[in-house]
Amino acid sequence: MLAFRRVLITGASSGIGAALARTLAKPGAVLHLSGRDRGRLSAVAEACRVAGAEVAPAMLDVRDAAAMAQWIAGTGGLDLVLANAGVSAGGGAAGWETAAQVRGIFATNLTGVLNTVLPALALMIEQPPDGRGVRGRIGVVASLAAFAPPIGAPSYCASKSAIDTWTVGTAWAARRRGVYLTSLCPGFIATPMTASNPFPMPGMLSADQAATLMLRGIARGKRRVLFPRSTRILTQLSRFVPHSLSVAIMTRIGIKVAAEGGVFGEEAD
Ligand SMILES: NC(=O)c1ccc[n+]([C@@H]2O[C@H](COP(=O)([O-])OP(=O)(O)OC[C@H]3O[C@@H](n4cnc5c(N)ncnc54)[C@H](OP(=O)(O)O)[C@@H]3O)[C@@H](O)[C@H]2O)c1
């Protein structure tokens, strides 16, 4: 696999972001890691230092566009950026999201990712290319939820669809400018985000497994990486299922709101 030397990761204080940081931590690596929880971010930074990496942690909110632009420009150069920070509406897939949840999910999963990727693109396009003509690589953590019926977690699914579509669409033009963009679409991963989900999560992988698959896809120059295969196939098949049947299946496996009625029950298909 390619060795990534200068790396920036958002949401490195937990779950997949922390696993990406630990996987990339080795002598010679310089890791710029951000998050909002000081204690958890410091613990990840320390583990990466023990593995031999130079680490620069930063307490940052991805929703702060000016701070993100300043942080990224201030790194002086990056080989790999991982726009990973994201939020869901919380365990249990309540289905009916409050206005604050809807705004918060889009602000982090869509605007927050753009606050990371746009300054990274601007920085990388000005960098000299390596021997393969690559100026930099950017991995955007979307989700297989981008392709799933948006039942139970509509804002999460919609935010991931939007960022996946934007990433894959931009990848063509970015590549002509020497920057490789990859949309990373995992299924269920065992992290704090999924810890309180009360429904079955088929094909669940560990955060370390997810990090390895993501970095392999990025190194191979893929525009989109979907995994695991079993969940990917289920998700792709679900596109052909009528909405009312999807609701019935989701209700049966424990997505509560449909069973409680009201929100989806009134929809005609
Ligand atoms: N777990 C899954 O099954 C799964 C599946 C597909 C995709 N994903 C995606 O993978 C990414 C990582 O999720 P995870 O499962 O590792 O969840 P997680 O353990 O809850 O970690 C989320 C990370 O995002 C950071 N974050 C959230 N909002 C932020 C903000 N406004 N500014 C800065 N950082 C912020 C958190 O930082 P603090 O805790 O320090 O605030 C934390 O480091 C997300 O984009 C998620 O949507 C997860």
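Everything in the sequence shown is counted per the numbering used here, starting at 159 for the first residue and increasing by one. Every residue, glycine too, gets a C-beta built ideally from N, C-alpha and C.
A direct Cα-to-Cα measurement between V326 and A377 gives close to 16 Å. Per DSSP, reduced to three states, the secondary structure at M282 is helical.
Our two residues, Q394 and I230, have alpha carbons roughly 35 Å apart in a direct line. Counting along the chain, no alpha helix (DSSP H) covers E212; the unbroken beta strand (DSSP E) around it starts and ends at 212-217.
When the beta-carbon positions are compared, G270 and A304 stay at least 9 Å from each other.
Within the same chain, and ignoring the five residues on either side of G345 in sequence, the residues whose Cβ sits closer than 6 Å to its Cβ are L302, G361, P386, T389. Annotation: the continuous alpha helix (DSSP H) that includes P312 extends over 312-334. The C-alpha of N273 lies about 29 Å from the C-alpha of G289. Out of V165, I174, A161, L166, the CA that lies nearest to the CA of A300 is found in I174.
Sixteen is the threshold: when 16 or more other Cβ atoms of the shown chains lie within 10 Å of the Cβ of S341, as they do, the residue is buried. Contact between I263 and V245 holds: their C-beta atoms lie close to 6 Å from each other, under 8 Å. Annotated as distal: A365 and A205, with beta-carbon spacing of 9 Å or more. In the DSSP assignment, V220 falls outside any alpha helix (DSSP H), carrying neither H nor E. A residue is called buried once 16 or more other Cβ atoms fall within 10 Å of its Cβ, and R196, having fewer, is exposed. Selection R261, V165, A170 evaluated against E212 yields V165 as nearest (Cα-Cα). No Cβ-Cβ contact shorter than 9 Å links G294 with D222. When DSSP states are grouped into helix, strand and coil, G186 belongs to the coil group.
For S317, same chain residues with a beta-carbon under 7 Å away, outside a window of 5 residues either side, are I263, F264, N267, L268 in chain order.
When A257, M282, C315 are compared, the shortest CA-CA separation from A227 is found for M282.
Taking C-beta atoms as the reference points, P307 and V399 count as a pair closer than 9 Å.
Cβ contact annotation for A320 (same chain, cutoff 7 Å, sequence separation greater than five): L268, in chain order. As the crow flies, the alpha-carbon of M217 is around 15 Å from that of T233. Counting along the chain, R290 sits inside no alpha helix (DSSP H), nor does DSSP assign it H or E at all.
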